[in-house]
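Numbering (this note's numbering), first residue to last: 1006 to 1217.
Inspection log for the structure reproduced underneath, given as structure tokens.
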């Protein structure tokens, strides 16, 4: 695995976003520090634009339905919609105009503008680019429960060698405009290039060799 990964190759707006100071980190380093990073961002929010209580900052133009659970540290951007039954925890930053639907759990993740995580999804320890869409029931896993050795492995490019990343919790880096079909499962350690389409009910596991 290279010592650095160009996050802008996956998320074009990364260096223009509030996350720009962390551009030199690997995505799993960012998610591992999610609560710390979100707290730094909370301290720098424009005064008056957000309603802030108990480390939860909700932009005054966002809509949060009754029955949603928001746990800090959390920043919810302008024009976002969070449905009843959604559960946000573990340190999350959600950019403008995102949708978090009913029954969706978002944990220790960073979500760029215009992304929809709309119905009965789980996204753990991940960085999602702009304009990403997860159809109903799709999951981004963050832990290798099936193995005795839990450390996450990531490929250094398509068909590249698997390398351990030094942590046991990491979901995925999802590029801008990725579409993930209903009931699809993204296994831990995925790096999805911008515009990729994952079919419905598919398992995408980048630990497995590329098909010949």
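Quick reminder that beta carbons are idealized off the backbone N, C-alpha and C, glycines included.
Note that this is a predicted model, so its numbers are computed, not measured.
To which residues does DSSP link residue i through a beta bridge?
| i | result |
| --- | --- |
| residue 1099 | 1081 and 1116 |
| residue 1058 | 1061 |
| residue 1109 | None; residue 1109 has no bridge partner. |
| residue 1035 | In the DSSP output, where bridge partners are listed per residue, residue 1035 has none listed. |
| residue 1226 | With the chain running from 1006 to 1217 in the structure shown, residue 1226 is simply not present. |
Let me make sure I understand the geometry here. Which of the options has the alpha-carbon closest to that of residue i?
| i | options | result |
| --- | --- | --- |
| residue 1187 | 1112, 1048 and 1207 | 1207 |
| residue 1210 | 1148, 1153, 1171 and 1182 | 1148 |
| residue 1079 | 1086, 1057 and 1066 | 1057 |
| residue 1051 | 1041, 1023 and 1059 | 1023 |
| residue 1146 | 1084, 1046, 1112 and 1091 | 1112 |
| residue 1195 | 1138, 1133, 1150 and 1182 | 1133 |
| residue 1125 | 1201, 1190 and 1085 | 1190 |
| residue 1060 | 1066, 1068 and 1042 | 1042 |
What's the call for residue i, buried or exposed, on a 16-neighbour Cβ count within 10 Å?
| i | result |
| --- | --- |
| residue 1153 | exposed |
| residue 1181 | buried |
| residue 1007 | In this predicted model, residue 1007 has a pLDDT of only 45, less than 50, meaning its place in the structure is not dependable enough to derive any value. |
| residue 1183 | buried |
| residue 1161 | exposed |
Round the Cβ separation of residue i and residue j to the nearest angstrom and send it over; I've been treating them as touching at under 8 Å.
| i | j | result |
| --- | --- | --- |
| residue 1193 | residue 1015 | Not a contact, Cβ separation roughly 17 Å. |
| residue 1083 | residue 1064 | 4 Å |
| residue 1197 | residue 1032 | With 8 Å as the limit, residue 1197 and residue 1032 do not qualify as a contact, their Cβ atoms being about 11 Å apart. |
| residue 1036 | residue 1175 | 6 Å |
Handout entry: Cβ contact (3+ pairs, closer than 8 Å) linking the segment 1071-1080 and the segment 1127-1136
Key = no
Exercise for the section: Evaluate the contact criterion for the segment 1113-1121 versus the segment 1088-1105: three or more CB pairs, one atom per stretch, below 8 Å. Expected result: yes
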